[in-house]
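Number of protein chains: 2
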Amino acid sequence: MNKHIIVQKYGGSSVANIDRIKTVAKRILSSKKKNNGIVVIVSALGDTTDELEDLAFSITKNPPEREMDMLMSTGEQISCALLAMAIKAQGHDAISFTGTQVGIRTDKSHTKARIESISARRIRKALSENKIVIVAGFQGINKDDDITTLGRGGSDLSAVALAQTLKAKVCEIYTNVNGIYTTDPRIVKQAQKIKTITFDEMLEMASLGAQVMQVRSIEVAKRFNIPIHVRSSFSKEEGTMIVKKTSKLEEIVVQGVTSSKSEAKITICAVPDQPGIAAKIFTEISKTGANVDIIVQNVSHTRHTDISFTVPKKGLSKAFAAAKKIAKKIKAGEVHQDKNIARISIIGSGMRSHHGIAAKMFQTLAKNKINIEMIATSEISISCIINSVQAIKAVKALHKAFQLEKRK
Amino acid sequence: MNKHIIVQKYGGSSVANIDRIKTVAKRILSSKKKNNGIVVIVSALGDTTDELEDLAFSITKNPPEREMDMLMSTGEQISCALLAMAIKAQGHDAISFTGTQVGIRTDKSHTKARIESISARRIRKALSENKIVIVAGFQGINKDDDITTLGRGGSDLSAVALAQTLKAKVCEIYTNVNGIYTTDPRIVKQAQKIKTITFDEMLEMASLGAQVMQVRSIEVAKRFNIPIHVRSSFSKEEGTMIVKKTSKLEEIVVQGVTSSKSEAKITICAVPDQPGIAAKIFTEISKTGANVDIIVQNVSHTRHTDISFTVPKKGLSKAFAAAKKIAKKIKAGEVHQDKNIARISIIGSGMRSHHGIAAKMFQTLAKNKINIEMIATSEISISCIINSVQAIKAVKALHKAFQLEKRK
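Residue numbers (this note's numbering), protein chains in the order written: chain A, 1 to 408; chain B, 409 to 816.
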């Protein structure tokens with residue numbers, strides 16, 4: 001019998017071509033030799049997902065979502081069949097399954113389905129026959145027996161959900177980076193790999209710009225306390241463990257610095273200072289589907305005030321139009337938009353109980369002549385909105401100020 | 409309710425690119441307007457099947473058949489999703505299904521599975537909702553819920569089997585030719601399209617070189633008496649109807665002339681003329697898996713005889729080796745092989761009851777100085793093996809001799 005079950009997920013870049021598929025197969029075999037039950041979730045080969053999407057959009061500007069799922073799910077079916085072949089060619093029995101075949105039941109929301117249950121009957125049977133199991137990621141099947149997909153990055157979710165169902169010891173996420181870093185190594189050369197990070201910290205890191213793992217899958221891992229190991233498929237080096245609580249929790253305050261340019265700022269000037277006016281504004285904005293994040297209301301001497309808020313750049317034009325409409329209605333002043341902003345965040349679970357972290361952040365930015373436009377804080381993060389041209393400078397300064405280059 | 413159910417099958421060339429998929433969608437919509445229930449079976453886009461096969465063989469020389477089916481079945485899944493999108497974009501509701509989803513149950517012979525049953529529950533439901541139904545051809549599912557494929561040309565079989573299950577009025581096979589011709593129009597310019605042909609005649613035509621429809625699917629159509637309409641997806645012209653009995657059966661004797669270079673000839677010289685010697689030889693040859701077809705034993709004055717037979721070129725080397733081995737064992741003489749042969753056949757249901765057809769064939773070949781090496785006859789065909797360099801000349805002469813250019 002298998003000592004442990006280990007779930008491994010390989011992303012599209014790990015299986016981008018035939019050679020890489022063979023390399024991944026070799027890697028899987030070496031894990032197998034440690035006498036573990038191995039269940040592999042694999043994404044579509046390299047750019048397959050984009051290619052299939054292009055095909056659909058060349059047929060129609062508005063492809064029906066059910067048919068999109070029918071189409072897109074083939075990418076993972078191809079890669080899991082090829083990976084099973086490569087493993088068998090290297091001498092170990094392997095078997096591939098679609099989402100349908102392993103009973104990954106989802107709700108009916110095509111292109112962004114949520115997993116409801118996993119039977120995994122065939123996986124357990126194959127494991128008991130000492131087969132390496134390859135499962136097509138990103139896909140499931142709904143109550144009508146229609147194929148569904150889980151949204152971009154959905155293979156991470158397939159992996160975490162299967163790890164939970166199979167009571168796996170660990171869920172290994174293989175990607176093209178060595179792990180999670182204290183900040184983006186392309187910006188700060190001295191960025192250090194983080195050995196251990198909590199789910200909460202990772203959620204902040206993921207949503208604020210470190211695009212290594214899908215956010216929903218981290219949420220699921222957190223809920224069921226499934227240890228995640230993010231590591232490179234191109235090296236044997238240990239990556240980053242994502243866990244519930246790190247043993248070093250007391251010592252480490254700031255885990256990392258992130259920057260994101262995905263938001264824009266809208267300012268409504270000279271808003272009449274009346275009760276309920278903010279509610280009026282944001283009810284109108286939310287109708288556009290925009291996810292309003294940081295909101296700042298400037299106190300003023302007169303009976304008027306300026307209200308600024310951020311929205312994702314994607315929904316900016318709709319939100320801006322709505323803001324202008326409501327401004328007119330409530331007799332406010334001009335409405336401005338600013339796309340040239342960046343959100344700089346420091347993240348760490350110990351932050352709350354440590355004084356002076358926020359002050360140090362503000363001082364560091366001030367010392368570097370970086371103007372803070374807006375501030376937001378959470379349990380484990382402090383974010384500042386600054387001018388986007390100063391983003392790199394800010395990340396470098398903060399990384400140094402919190403001595404992240406000395407992290408071991 | 410739908411007046412009739414019509415099953416349409418579109419081959420890979422009919423859906424080779426986005427424009428053709430849109431054209432096919434338009435064609436399907438115009439059939440739908442005649443108030444029929446339309447069920448479409450579609451092959452993989454253009455060269456997808458070959459591309460997927462190449463991927464597998466670049467992983468391993470000997471890909472496991474179960475994984476091959478997992479891989480290859482994606483081709484049809486892609487095309488049926490795209491076709492459903494194209495139809496919806498043109499304004500009619502459509503839904504695509506995999507072989508699994510419509511319950512095409514097969515045996516366990518991966519890569520060449522046989523259909524055992526079809527539930528078609530979801531097809532009937534979708535038809536009752538006035539949807540155009542698109543089904544992925546070439547694939548099914550076995551008792552283990554593993555994906556199977558039906559072998560090359562398997563989409564024809566999917567179409568015929570669905571037509572039988574749904575009691576369709578007709579099964580239309582859309583291809584890149586206008587129908588079945590009296591002979592290959594690339595060889596004889598005067599070749600005429602045949603309006604109606606019997607299943608038996610078509611079986612001879614198909615197996616003897618006219619590669620328009622898969623042989624197994626014609627056998628199934630014959631068994632269940634499902635009328636087939638072979639026609640072009642690029643024109644509105646009527647094609648060829650394949651039916652049980654043609655109304656003109658008495659008048660038409662020779663339907664067509666075919667030529668094939670897929671066989672080779674093996675001759676064992678000086679075989680001792682003893683009872684049971686032929687059985688010994690062909691038992692040995694059949695062990696190689698070669699399908700021996702025409703056998704000719706030359707009468708001789710001595711106690712020795714020459715035995716010649718044809719085998720498919722594919723298995724020639726194995727069959728030749730076996731022939732040499734048995735020749736030595738039975739103390740026969742030399743063994744020769746000849747790849748430069750062609751089989752020229754005339755086909756027609758009325759042949760048996762018409763005298764002089766064979767004589768006319770032999771005379772025509774003789775008049776054209778074409779030597780006949782072997783002869784084989786069946787209920788509805790006469791075949792001659794000749795030197796392959798004379799194949800085109802023979803086809804032209806026979807087409808003219810039987811006045812096939814005057815067929816209406």
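Glycine included, C-beta positions come from ideal geometry on N, C-alpha and C.
From a predicted model like this one, the values you see are computed outputs, not experimental measurements.
Please name the residues in the stretch 501–515 of chain B whose beta-carbon is closer than 7 Å to at least one beta-carbon of chain A, in chain order. So the close ones are S504, T508, Q509.
Going along the stretch 523–547 of chain B in order, which residues come within less than 7 Å of chain A, judged by CB to CB distance? Taking 7 Å as the Cβ-Cβ cut-off against chain A, none of the residues of the stretch 523–547 of chain B qualify.
Cross-chain neighbours of S58 of chain A in chain B, by beta carbon under 8 Å: Within the first sequence, the letter at position 58 stands for residue 58 of chain A. Result: I426.
Is it a yes or a no for the stretch 229–242 of chain A touching the stretch 170–178 of chain A, going by three-plus beta-carbon pairs under 8 Å? Short answer: they touch.
Below 6 Å CB to CB, which residues in the same chain sit around I734 of chain B once its five sequence neighbours on both sides are set aside? Reading the second sequence from its first residue, position 326 is the one you call residue 734 of chain B. Here the set comprises I689, E692.
Just to confirm, are G755 of chain B and G664 of chain B a CB contact at a threshold of 8 Å? Residue mapping note: residue 755 of chain B aligns to position 347 of the second sequence, counting from 1. Residue mapping note: residue 664 of chain B aligns to position 256 of the second sequence, counting from 1. One detail in the question is off: residue 755 of chain B reads as Ile in this sequence, not Gly. A contact, by the Cβ cut-off of 8 Å.
Quick one: is P272 of chain A buried, meaning 16 or more other Cβ sit within 10 Å of its Cβ, or exposed? Position 272 of the first sequence holds residue 272 of chain A. Counting other Cβ atoms within 10 Å of its Cβ, P272 of chain A stays below 16 and is therefore classed as exposed.
Interface residues of chain A around A492 of chain B at Cβ under 8 Å? In the second sequence, residue 492 of chain B corresponds to position 84, counting from 1. The contacting residues are P64, E67, M70.
Near Y181 of chain A, which residues of its chain fall below 6 Å by C-beta distance, leaving aside the five closest residues on each side in sequence? Within the first sequence, numbered from 1, the residue matching residue 181 of chain A stands at position 181. For Y181 of chain A, the CB contacts under 6 Å within the same chain, skipping 5 residues up- and downstream, are A191, K193 in chain order.
Around the C-beta of K729 of chain B, are 16 or more other C-beta atoms found within 10 angstroms, so that it is buried, or is it exposed? Against the second sequence, residue 729 of chain B aligns to sequence position 321. According to the sequence as given, residue 729 of chain B is Ala; it is not Lys. Classified as exposed, A729 of chain B has fewer than 16 neighbouring CB atoms from the shown chains inside 10 Å of its CB.
Using a Cβ-Cβ cut-off of 8 Å, state whether K520 of chain B counts as contacting chain A. Looking up residue 520 of chain B in the second sequence gives position 112. Residue contact with chain A for K520 of chain B: absent (no Cβ-Cβ distance below 8 Å to any residue of chain A).
Who does T583 of chain B pair with in a DSSP beta bridge? Walking along the second sequence from the start, residue 583 of chain B turns up at place 175. Beta-bridge pairing links T583 of chain B to B:S640.
Taking R352 of chain A as the reference, which of A:M241, A:V212, A:V253 has the closest Cα? Position 352 of the first sequence, counted from the start, is the residue given in the question as residue 352 of chain A. Taking only the C-alpha atoms, the option nearest R352 of chain A is A:V253.
Can you check DSSP and say which residues form a bridge with H304 of chain A? For the purposes of this step, residue 304 of chain A is identified with residue 304 of the first sequence, where counting begins at 1. DSSP, once it has assigned bridges, lists A:P272 as partnering H304 of chain A.
D553 of chain B versus chain A: which residues are under 8 Å apart at the beta carbon? Here residue 553 of chain B refers to the residue found at position 145 when the second sequence is read from its first residue. Near D553 of chain B (Cβ distances below 8 Å), the residues of chain A are Q101, R122.
In angstroms, rounded to a whole number, what distance separates the CA positions of M478 of chain B and T98 of chain A? What you label residue 478 of chain B is simply residue 70 of the second sequence in a count that begins at 1. What you label residue 98 of chain A is simply residue 98 of the first sequence in a count that begins at 1. A straight line joining the alpha-carbon of M478 of chain B with that of T98 of chain A spans about 9 Å.
Please classify R66 of chain A as buried or exposed, where buried requires at least 16 neighbouring CB atoms within 10 angstroms. Working through the first sequence from its first residue, we reach residue 66 of chain A at position 66. Looking at its Cβ environment, which holds 16 or more other Cβ atoms inside 10 Å, R66 of chain A is buried.
With distances taken Cα to Cα, identify the nearest neighbour of E373 of chain A among A:G137, A:T310, A:A16, A:K222. Position 373 of the first sequence holds residue 373 of chain A. Cα-wise, what sits closest to E373 of chain A is A:T310.
Between which two residues does the alpha helix (DSSP H) containing M821 of chain B stretch? The structure shown has nothing for residue 821 of chain B, since chain B only spans 409 to 816.
Are V628 of chain B and L558 of chain B closer than 8 Å when you measure CB to CB? Taking the second sequence and counting its residues from 1, the one referred to as residue 628 of chain B is at position 220. Taking the second sequence and counting its residues from 1, the one referred to as residue 558 of chain B is at position 150. No, they are not a contact pair.
Let me see if you follow: with CB-CB separation under 8 Å, is I429 of chain B close to chain A or not? The sequence position of residue 429 of chain B within the second sequence is 21, counting from 1. Contact with chain A is found for I429 of chain B, since one of that chain's Cβ atoms lies less than 8 Å from the residue's Cβ.
Can you give me the C-alpha to C-alpha distance between N142 of chain A and G91 of chain A, rounded to a whole angstrom? Numbered from 1 along the first sequence, position 142 holds the residue referred to as residue 142 of chain A. Numbered from 1 along the first sequence, position 91 holds the residue referred to as residue 91 of chain A. Going from the Cα of N142 of chain A to the Cα of G91 of chain A covers about 36 Å.
Whole angstroms are fine: how far does the CA of L83 of chain A sit from the CA of S96 of chain A? In the first sequence, residue 96 of chain A corresponds to position 96, counting from 1. In the first sequence, residue 83 of chain A corresponds to position 83, counting from 1. Between the alpha carbons of S96 of chain A and L83 of chain A lies a distance of about 8 Å.
For I38 of chain A and L574 of chain B, I'd like the C-alpha separation in whole angstroms. Residue numbering aside, residue 38 of chain A sits at position 38 when the first sequence is read from its first letter. Residue numbering aside, residue 574 of chain B sits at position 166 when the second sequence is read from its first letter. Taking the straight line joining both Cα atoms gives about 44 Å.
Am I right that I413 of chain B and K577 of chain B are in contact with their C-beta atoms under 8 Å? What's the rounded C-beta distance? As a position in the second sequence, residue 413 of chain B is number 5, starting the count at 1. As a position in the second sequence, residue 577 of chain B is number 169, starting the count at 1. Indeed, because the Cβ distance is near 7 Å, the residues count as touching under 8 Å.
Within the stretch 591–637 of chain B, note down every full alpha helix (DSSP H) run reaching 4 residues or more, in order along the chain. With a minimum length of 4 residues, the continuous alpha helix (DSSP H) runs that stay inside the stretch 591–637 of chain B are 607–615, 623–632.
What residues in its chain sit with their C-beta under 6 Å from that of K195 of chain A, if we drop five residues either side in the sequence? Numbered from its first residue, the first sequence carries residue 195 of chain A at position 195. Closer than 6 Å at Cβ, skipping near neighbours: no residue.
Touch test, the stretch 434–446 of chain B against the stretch 509–518 of chain B, Cβ-Cβ under 8 Å, three pairs minimum: With a cut-off of 8 Å, the stretch 509–518 of chain B and the stretch 434–446 of chain B do not count as touching, because too few Cβ pairs lie within range.
Quick one: which chain A residues come within Cβ less than 9 Å of I486 of chain B? Start at 1 with the first residue of the second sequence, and residue 486 of chain B comes out as number 78. Counting only Cβ-Cβ distances below 9 Å, I486 of chain B has contacts in chain A at L52, L55, M70, L71, T74, in chain order.
By the criterion of Cβ-Cβ separation under 9 Å, what are the contact partners of K434 of chain B in chain A? Locating residue 434 of chain B in the second sequence gives position 26, where the first residue counts as 1. Here the premise fails: no neighbours, minimum Cβ distance about 13 Å.
Within 10 angstroms of the Cβ of A359 of chain A, are there 16 or more other Cβ atoms? Answer buried if so, exposed if not. Translated into positions along the first sequence, residue 359 of chain A becomes position 359. Under this definition A359 of chain A is an exposed residue.
Exposed or buried, which one is L657 of chain B when buried takes at least 16 other CB atoms within 10 Å? Taking the first residue of the second sequence as 1, we reach residue 657 of chain B at position 249. Here L657 of chain B scores only 48 on pLDDT, less than 50, and its place in the model is too uncertain to base an answer on.
Can you check which of these residues, A:S259, A:N387, A:G315, A:V42, is closest to R186 of chain A by C-alpha distance? Here residue 186 of chain A refers to the residue found at position 186 when the first sequence is read from its first residue. Nearest to R186 of chain A by C-alpha distance, out of A:S259, A:N387, A:G315, A:V42, is A:S259.
In whole angstroms, what is the alpha-carbon distance linking A342 of chain A and L570 of chain B? Taking the first residue of the first sequence as position 1, residue 342 of chain A is located at position 342. Taking the first residue of the second sequence as position 1, residue 570 of chain B is located at position 162. Rounded to whole angstroms, A342 of chain A to L570 of chain B spans 59 Å at the Cα level.
According to the neighbour-count rule (16 or more other Cβ atoms, all chains shown, within 10 Å of its Cβ), is D146 of chain A buried or exposed? Mapped onto the first sequence, residue 146 of chain A falls at position 146. Classification of D146 of chain A: buried, given that the 10 Å Cβ count is 16 or more.
Per-residue DSSP class, three states only, for G103 of chain A: Residue 103 of chain A sits at position 103 when you count from the first residue of the first sequence. Coil, per DSSP.
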